[in-house]
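Residue numbers (the numbering used here): 1 to 286.
Glycine included, every Cβ here is placed at the ideal spot set by N, Cα and C.
A short worksheet on the structure shown next.
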Amino acid sequence: MSFAGKGWGSGLLGVVIFSGSLPATRVAVAGFSPLFLTCARAVIAALLGGVFLALLRQRAPARRDLLPLAIVALGVVVGFPLLTALALLHITAARSIVFIGLLPLATAIFGVLRGGERPKPAFWLFSLLGSATVAGFALFHSDGGSLAGDGLMVAAVVLCGLGYAEGATLSRRLGGWQVISWALLLSLPAMALLALIELPASWDGIDAAAWLGLGYVSVFSMLVGFVFWYRGLALGGIAGVGQLQLLQPFFGLLLAGLLLHEPIAWSMVAATGVVVLSVAGAKRFA
């Protein structure tokens with residue numbers, strides 16, 4: 001299999017792992033506050049990443065890598081989880097998908113600006129079609145917006161797209177799992193302090209499902225998923241592989257239907273079909 005093919009396969013696996021974040025978060029917030037959940041998952045993932053770096057005797061990043069790692073940490077470890085958690089205090093989860101649908105486009109733009117990629121013009125048409133499909137589907141199924149919530153989601157998408165592109169570029173030198181592990185360690189002091197401040201007043205009312213949800217978003221969403229995701233972006237191309245994110249909301253809703261018994265609308269199936277065609281077109285012209 002070519003490097004590009006391996007990149008798309010790895011990226012798809014990363015997206016599938018990330019898709020479990022939505023059901024897991026819905027379960028976890030029944031026992032934990034959104035802010036504590038954001039910080040705790042980063043702390044747990046950072047400790048695991050630090051253990052792997054130590055056991056495998058990975059060299060510390062070069063001085064030139066510190067700023068890119070800080071950008072990764074700002075975008076995907078701190079910025080996106082925290083801003084989306086705050087946004088969900090003002091808007092519904094369904095409406096947040098309107099903005100998540102713009103994330104592949106943001107990733108592609110930063111892939112051009114930071115990764116030096118040059119997709120063909122037709123790529124942008126398929127990327128816009130896919131983003132518009134996801135955003136339109138989510139908007140049709142969402143409630144009214146909020147200026148504060150929408151603004152926070154826009155900021156979250158911009159930071160996340162930047163973090164994805166920066167991490168993919170850096171992983172070509174350091175490796176995918178090393179990038180996210182070092183970025184997590186950089187953010188550890190701030191996230192640990194916030195986690196201590198936001199500790200639950202009582203642990204008695206937190207059931208096993210909430211703990212399992214916290215475990216999933218900590219180990220898989222915050223660490224394991226990024227191992228495959230950054231590898232996929234590095235091998236297959238930031239702009240192209242980034243379009244796989246368009247499938248994430250639908251994978252998440254499918255898992256929510258299977259695990260949480262939430263209804264799956266026919267419109268979701270139709271929108272997924274359009275998105276699959278858009279991703280296939282973007283892959284051809286990336």
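- Item | Three-state secondary structure (DSSP) of TRP203 | Counting from 1 along the sequence shown, the entry for residue 203 is found at position 203. When secondary structure is reduced to three states using DSSP, TRP203 falls in the coil class, being assigned neither helix nor strand.
- Kindly list the residues whose CB is nearer than 8 Å to the CB of ILE71, restricted to its own chain and excluding five residues on each side of it in sequence; keep chain order. Translated into the one-based positions of the sequence shown, residue 71 becomes position 71. The answer, listed in chain order, is LEU162, GLY163 and GLU166.
- Query: Are the Cβ atoms of SER171 and ARG231 separated by less than 8 Å?
  - Reply: Walking along the sequence shown from the start, residue 171 turns up at place 171. Walking along the sequence shown from the start, residue 231 turns up at place 231. Their beta carbons are under 8 Å apart, which means SER171 touches ARG231 by this criterion.
- Query: Does the distance from the C-beta atom of VAL275 to that of PHE251 stay below 8 Å?
  - Reply: The sequence position of residue 275 within the sequence shown is 275, counting from 1. The sequence position of residue 251 within the sequence shown is 251, counting from 1. It is not a contact, given that the beta carbons lie outside the stated cut-off.
- Does the distance from the C-beta atom of GLY31 to that of ALA156 stay below 8 Å? On the sequence shown, residue 31 is found 31 positions in, with the first residue counted as 1. On the sequence shown, residue 156 is found 156 positions in, with the first residue counted as 1. Contact: no.
- Between MET191, LEU129, LEU196 and SER19, which lies nearest to ALA46 when the distance is taken from Cα to Cα? The residue given as residue 46 occupies position 46 in the sequence shown. Answer by Cα proximity: MET191.
- Can you give me the start and stop residues for the alpha helix (DSSP H) that PHE228 sits inside? For the purposes of this step, residue 228 is taken as the residue at position 228 of the sequence shown. 225–236 is the extent of the alpha helix (DSSP H) around PHE228.
- Item | Inter-residue Cα distance where the pair is LEU56 and ALA239 | By 1-based counting over the sequence shown, the position of residue 56 is 56. By 1-based counting over the sequence shown, the position of residue 239 is 239. Separation of LEU56 and ALA239 (C-alpha to C-alpha, rounded to the nearest whole angstrom) is 31 Å.
- Decide if SER267 is buried, meaning its Cβ has at least 16 other Cβ atoms within 10 Å, or exposed. Walking along the sequence shown from the start, residue 267 turns up at place 267. By the neighbour-count rule (16 or more Cβ atoms within 10 Å), SER267 is not buried but exposed.
- Count the CB pairs spanning the segment 188–202 and the segment 100–110 that are closer than 8 Å, and state whether there are at least three. Contact fails: fewer than three Cβ-Cβ distances are below 8 Å.
- Query: With DSSP run on the structure shown, which of helix, strand or coil describes GLN58?
  - Reply: Within the sequence shown, the letter at position 58 stands for residue 58. In this structure, GLN58 counts as coil in the three-state DSSP scheme.
- Using the C-alpha atoms, what's the distance from TRP124 back to LEU244? One-based indexing of the sequence shown puts residue 244 at position 244. One-based indexing of the sequence shown puts residue 124 at position 124. In this structure, the alpha-carbon of LEU244 lies about 14 Å from that of TRP124.
- Message: Please classify ALA168 as buried or exposed, where buried requires at least 16 neighbouring CB atoms within 10 angstroms.
- Response: For the purposes of this step, residue 168 is taken as residue 168 along the sequence shown, with counting starting at 1. Of the residues assessed, ALA168 falls on the buried side of the cut-off, its CB having 16 or more other CB atoms within 10 angstroms.
- Task: Label PRO189 either buried or exposed according to how many other C-beta atoms from any shown protein chain fall within 10 Å of its C-beta, with 16 as the threshold for buried.
- Result: Stepping through the sequence shown from its first residue, residue 189 is reached at position 189. Around the beta carbon of PRO189, a 10 Å sphere encloses fewer than 16 other beta carbons of the protein chains shown; the residue is thus reported as exposed.
- Message: Output needed for GLY50: all residues of its chain with C-beta closer than 6 Å, excluding positions within five of it in sequence on either side, in chain order.
- Response: Taking the sequence shown and counting its residues from 1, one reaches residue 50 at position 50. Taken in chain order, the residues that qualify are LEU185.
- Item | C-alpha gap between VAL134 and GLY101, whole angstroms | Against the sequence shown, residue 134 aligns to sequence position 134. Against the sequence shown, residue 101 aligns to sequence position 101. Roughly 5 Å between the two C-alpha positions.
- What separation, rounded to the nearest whole angstrom, lies between the Cα atoms of PRO34 and ALA270? The residue labelled residue 34 in the question sits at position 34 within the sequence shown. The residue labelled residue 270 in the question sits at position 270 within the sequence shown. Whole-angstrom Cα-Cα distance: 32 Å.
- Does DSSP put LEU89 in a helix, in a strand, or in coil? The sequence position of residue 89 within the sequence shown is 89, counting from 1. Look at LEU89 here: in three-state DSSP terms it is coil, with no helix or strand label.
- Message: Give me the residue from PHE99, LEU235 and GLN248 with the minimum Cα distance to TRP8.
- Response: If you number the sequence shown from 1, residue 8 lands on position 8. Answer by Cα proximity: LEU235.
- Message: How far does the alpha helix (DSSP H) with LEU307 in it extend, from its first residue to its last?
- Response: The chain is shown from 1 up to 286; residue 307 falls before or after that span and cannot be answered.
- Message: Cutting at 6 Å between CB atoms, please list the residues of its own chain near PRO104, excluding the five before and the five after it.
- Response: By one-based count along the sequence shown, residue 104 stands at place 104. Excluding positions up to five away in sequence, the list reads GLY242, GLN243, GLN245 and LEU246.
- Message: Comparing C-alpha positions only, which one of ALA183, LEU37 and LEU53 sits nearest to LEU74?
- Response: Here residue 74 refers to the residue found at position 74 when the sequence shown is read from its first residue. Measuring from the Cα of LEU74, the nearest candidate turns out to be ALA183.
- Query: Taking Cβ positions, are ALA42 and SER187 nearer each other than 8 Å?
  - Reply: The residue labelled residue 42 in the question sits at position 42 within the sequence shown. The residue labelled residue 187 in the question sits at position 187 within the sequence shown. Cβ atoms of ALA42 and SER187: closer than 8 Å.
- Residue span of the alpha helix (DSSP H) that contains GLY151, given as start and end: Sequence index remark: in the sequence shown, residue 151 carries index 151 (1-based). Run containing GLY151: 147–174, per the alpha helix (DSSP H) assignment.
- Message: Tell me the residue span of the alpha helix (DSSP H) that contains PRO68.
- Response: Position 68 of the sequence shown holds residue 68. For PRO68, the enclosing alpha helix (DSSP H) stretches over residues 63–72.
- From LYS6, ARG114, LEU129 and THR38, pick the residue whose C-alpha is nearest to that of SER278; which is it? In the sequence shown, the residue the question calls residue 278 occupies position 278. Looking at the Cα atoms, LEU129 is the closest of the given residues.
- Message: Please tell me whether ALA40 and SER218 are closer than 8 Å, where the distance is taken between their beta carbons.
- Response: Within the sequence shown, numbered from 1, the residue matching residue 40 stands at position 40. Within the sequence shown, numbered from 1, the residue matching residue 218 stands at position 218. A contact, by the Cβ cut-off of 8 Å.
- Item | Through-space distance from MET153 to LEU147, alpha-carbon basis | In the sequence shown, the residue the question calls residue 147 occupies position 147. In the sequence shown, the residue the question calls residue 153 occupies position 153. Spanning the two alpha carbons is a distance of roughly 10 Å.
- Task: Throw me the rounded Cβ distance for the LEU233 and GLY20 pair, which I believe falls under 8 Å.
- Result: If you number the sequence shown from 1, residue 233 lands on position 233. If you number the sequence shown from 1, residue 20 lands on position 20. For a cut-off of 8 Å, the C-beta gap from LEU233 to GLY20 is around 19 Å, too long to register as a contact.
- Query: If you drop the 5 nearest sequence neighbours on each side, which residues of the same chain put their C-beta closer than 7 Å to that of VAL224?
  - Reply: The residue labelled residue 224 in the question sits at position 224 within the sequence shown. Hits under 7 Å: ILE17.
- Task: State the CB to CB distance for the pair GLY79 and LEU159, rounded to an integer number of angstroms; the pair is presumed to be in contact (CB under 8 Å).
- Result: On the sequence shown, residue 79 is found 79 positions in, with the first residue counted as 1. On the sequence shown, residue 159 is found 159 positions in, with the first residue counted as 1. Indeed, because the Cβ distance is near 4 Å, the residues count as touching under 8 Å.
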